[in-house]
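Undergrad:
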Amino acid sequence: MWFLFACLSAVFAALTSILAKIGIEGISSNLATAIRTAVVLVMAWAIVLMTGTQNEIASISKKSWIFLVLSGIATGLSWLCYYKALQIGEASKVVPVDKFSVVITMVLAFVVLHEVPNVKTILGGIFITIGTFIMILK
8 MWFLFACLSA VFAALTSILA KIGIEGISSN LATAIRTAVV LVMAWAIVLM TGTQNEIASI
68 SKKSWIFLVL SGIATGLSWL CYYKALQIGE ASKVVPVDKF SVVITMVLAF VVLHEVPNVK
128 TILGGIFITI GTFIMILK
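Position in the sequence shown (from 1) plus 7 gives the number in our numbering.
#1: Which class does Phe134 belong to by DSSP, given the choice of helix, strand or coil?
#2: Hey, how far is the Cα of Glu97 from the Cα of Thr40?
#3: Starting from Pro103, trace the alpha helix (DSSP H) both ways and give me its first and last residue.
#4: Are the Cβ atoms of Tyr90 and Asp105 separated by less than 8 Å?
#5: Can at least three beta-carbon pairs, one atom from the stretch 72–79 and one from the stretch 115–131, be found at a separation below 8 Å?
#6: Indicate the three-state DSSP secondary structure (helix, strand or coil) for Asn62 in the structure shown.
#7: Hey, Ile31 and Leu93 are a contact pair by Cβ (cut 8 Å); roughly how many whole angstroms apart?
Put into structure tokens, the structure is as follows:
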């Protein structure tokens with residue numbers, strides 16, 4: 008089931024890039040990010056309310072709150088930078104660089120989360136890195 012959701016995520020992320028590139032034309036990238044964020048906020052809270060999970064808020068630990076807030080800040084900064092890059096660059100070049108976050112996440116998972124790398128993960132990271140550079144070279 009996780010694979011289905013991961014594939015749907017990839018499809019929606021691709022749509023996001025194309026729709027954003029078209030929608031950001033002629034407006035501030037910061038305003039575009041704020042509008043996108045407001046839509047995401049409404050959708051996320053609608054899902055929480057429809058599934059009845061809002062009652063779990065009281066049981067969230069202090070550690071979880073801290074890391075969720077930090078994650079939100081990182082997400083906001085990522086989106087602001089992404090929209091600016093998308094506004095001034097070509098989507099076909101911006102998106103591969105943005106998706107290089109996969110490799111950065113793998114390295115951070117090894118260093119911060121102490122996940123053990125294997126040959127498959129290392130080779131995948133190398134291939135993603137090579138692919139990213141191939142796609143952005145002129």
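Idealized CB from N, CA, C, for every residue including glycine. Computed from a predicted model, the values in this text were never measured in an experiment.
TA: The short version:
#1: Counting from 1 along the sequence shown, the entry for residue 134 is found at position 127. Helix.
#2: Start at 1 with the first residue of the sequence shown, and residue 97 comes out as number 90. Start at 1 with the first residue of the sequence shown, and residue 40 comes out as number 33. The alpha-carbon atoms of Glu97 and Thr40 are separated by roughly 18 Å.
#3: Looking up residue 103 in the sequence shown gives position 96. Segment 98–106, the alpha helix (DSSP H) holding Pro103.
#4: Walking along the sequence shown from the start, residue 90 turns up at place 83. Walking along the sequence shown from the start, residue 105 turns up at place 98. No, Cβ-Cβ distance for Tyr90 and Asp105 is not below 8 Å.
#5: They do not touch, by the three-pair rule.
#6: In the sequence shown, residue 62 corresponds to position 55, counting from 1. Note: Asn62 maps to helix in three-state DSSP.
#7: What you label residue 31 is simply residue 24 of the sequence shown in a count that begins at 1. What you label residue 93 is simply residue 86 of the sequence shown in a count that begins at 1. Rounded, the Cβ-Cβ distance is 6 Å, consistent with contact.
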